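So our numbering is basically just the index in the sequence shown, starting at one, shifted up by 12. Even for Gly, the Cβ is constructed at its ideal location relative to N, Cα and C. Bear in mind that the values here come from a model prediction, so they are computed numbers and not experimental data. Notes for the one structure printed next.
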Amino acid sequence: MGFGFILVPLVLYLLLVTPLCVKVGAKTSTRTGWAMAAGCIGLPLALFVAMVVASS
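As structure tokens, this is what we get:
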């Protein structure tokens, strides 16, 4: 399919940034943790899904 060159770095990015979001949520309010997770995890994931949908 050809999306491996983006999928592999995306998975590595998500594996690295998820503990960061959890740590931010534990040190600050839950709302701040969810906001950080939405920006750091949700946005790249949504862009990847949009790219896959647009190419098919």
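- Between residue 44 and residue 37 the beta-carbon gap is near 7 Å, inside 8 Å, which marks them as a contact.
- For residue 58, the enclosing alpha helix (DSSP H) has its first and last residue at 55 to 67.
- The continuous alpha helix (DSSP H) containing residue 37 extends over residues 16 to 39.
- For the options 47, 26 and 16, the alpha carbon positioned closest to that of residue 57 is the one of 26.
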